[in-house]
């Protein structure tokens, strides 16, 4: 029988369990530290992340913006429950128009942009992938696109007398594109924003509005559910604009001298939004200054090599790393080089004539052997923590992840639990007063409510499909008549 876990000491964060006990790290040492969480699918990277985030959410000054490019439904329910337990506001932002979530205007939903419009211009151009970086031709087209963005902002701020909304900017860019005589050279900036106007979450149609300034002040928990596999360019655009806006807003409140708020920003499938070396490096340095901790989650170090350069040295120097699998020779050597040397006996024998001589000497070898690394790399929930906390050298620490749910069955249930959806409008039927039955109010804490809602939604969809099938079947007959 597994002994119960010891409670986490006040002022500490528990990363997992080692063979000798809990892997607890002092909160002061983890403040303003970035994490890089690496491992293939199925190694439970997200479970480790959620286990740590739940502990930070319980602290009164810590908020969380979970940018989910992978699409993990369990993360939504786990973080929502953590926010409720901590008494913090919870926001759900999704590009699926059928989800019942909030809406976020990338421009007006970031109060700091009103103080400096040039930051809004840079964030919008970067989020729409219009800044192409260095290199022959790339910088030229980036400047052309940025010029169109700044021109649209200038026109709207002069006309409206205020900062435009994102839909207003997109419409102005569209108007500029139609009026441009040489549209084949400048249409990229005009068309990039239009693709985002089809999403309710970006056009003010959500059930409530997300203001990231208010969210930071209240240490809120925000889940940005944007699976990149379904909406590649749109998901990247929203994630990039969100990351940039959080950085700008954190810098703005820091300059105003407001009380400190620690912001945790996990980015699942980080490689989808990784930018140039200089941008990543400077962004991480400034984020620490403004009390932002990034959690970059990706599958393999090779994903950090993009057209803008090799990000691996930056991630290694800037982040505390959690490594779930080290199988290549390069990865094994890296862990061995991080481990302290130990003395190992080395026996040798020599035969001279009829006598056999045995000599024993000690050699210095890495404390981690190749076999130990390979054996751990093949086990889910097992990882190495490579920590640089600024006080001393630490060997790579093997540990076991503590699941954020009570059991694997509960996690599976949350993983398959539907996300909140908008109920379709249904006509109300008038019934005689004698046949009306008093409705029993649904308890607010009814745990099965979402299941019933999901079944009703499925029934509605099946009825729609059946009606559509009947219409298609009757169409040929009506045409022949």
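Residue numbers (UniProt numbering): 1 to 481.
Cβ coordinates follow ideal geometry from the N, Cα and C atoms, glycine included.
Close-in-space but distant-in-sequence residues of the same chain around residue i (CB under 6 Å, 5 per side omitted)
i           : result
residue 71  : 227
residue 381 : 44, 400, 401
Cα-Cα separation between residue i and residue j, rounded to whole angstroms
i           : j           : result
residue 211 : residue 110 : 6 Å
residue 7   : residue 66  : 26 Å
residue 38  : residue 316 : 11 Å
residue 192 : residue 51  : 37 Å
residue 340 : residue 367 : 6 Å
residue 420 : residue 140 : 44 Å
residue 219 : residue 58  : 10 Å
residue 242 : residue 332 : 36 Å
residue 149 : residue 124 : 8 Å
residue 122 : residue 257 : 24 Å
residue 261 : residue 343 : 47 Å
residue 40  : residue 374 : 14 Å
residue 171 : residue 326 : 49 Å
Where the beta strand (DSSP E) containing residue i begins and where it ends
i           : result
residue 321 : 319-323
residue 225 : 221-225
residue 164 : Per DSSP, residue 164 belongs to no beta strand (DSSP E) and is neither H nor E.
residue 17  : 12-18
residue 35  : 34-38
residue 264 : 262-268
residue 398 : 397-400
Endpoints, the alpha helix (DSSP H) within which residue i is located
i           : result
residue 28  : 27-30
residue 117 : 117-127
residue 383 : First-last for residue 383: 382-386, but that is the beta strand (DSSP E), not the alpha helix (DSSP H).
residue 9   : Run containing residue 9: none; DSSP gives neither H nor E here.
residue 76  : 73-86
According to DSSP, residues forming a beta bridge with residue i
i           : result
residue 91  : 222
residue 140 : Partner(s): none; residue 140 has no beta bridge.
residue 255 : For residue 255, which the question treats as bridged, DSSP gives no partner whatsoever.
residue 306 : 309
residue 62  : 262
residue 297 : 37, 268
residue 21  : 18
residue 47  : None, per the DSSP bridge assignment.
residue 209 : 103
residue 484 : Past the boundaries of the shown model lies residue 484; the chain is included only from 1 to 481, so the question cannot be answered.
residue 420 : Partner(s): none; residue 420 has no beta bridge.
Nonlocal neighbours in the same chain, by C-beta distance under 8 Å from residue i, ignoring five residues either side
i           : result
residue 23  : 14, 15, 16, 17, 385, 397, 399
residue 485 : Residue 485 lies beyond the range of the chain shown here (1 to 481); nothing can be said about it.
residue 391 : 29
residue 433 : Unreliable positioning characterises residue 433 in this predicted model, as indicated by a pLDDT of 43, which lies under 50. The coordinate reading is nonetheless provided below. There are no such residues.
Contact with chain B by residue i, beta-carbon distance below 7 Å
i           : result
residue 234 : Protein chain content of the structure displayed is limited to a single chain, and chain B is not contained in it.
Pick from the options that is closest to residue i, judged by C-alpha positions
i           : options            : result
residue 214 : 245, 37, 405       : 245
residue 128 : 238, 204, 97       : 238
residue 311 : 364, 36, 108       : 36
residue 323 : 314, 178, 345, 298 : 298
residue 167 : 201, 145, 230      : 201
residue 240 : 68, 100, 90, 409   : 68
residue 320 : 92, 395, 21, 402   : 395
residue 413 : 264, 75, 308, 31   : 75
Residue i Cβ short of 6 Å to the ligand MN heavy atom set
i           : result
residue 287 : Among the components modelled here there is no ligand, and therefore nothing to report on the ligand MN.
Other residues of its chain near residue i: CB distance less than 7 Å, five sequence neighbours each side excluded
i           : result
residue 303 : 271
residue 482 : As displayed, the chain neither begins before 1 nor continues past 481, which places residue 482 out of reach and without an answer.
residue 108 : 163, 165
residue 26  : 11, 12
residue 284 : 34, 294, 318
residue 86  : 57, 58
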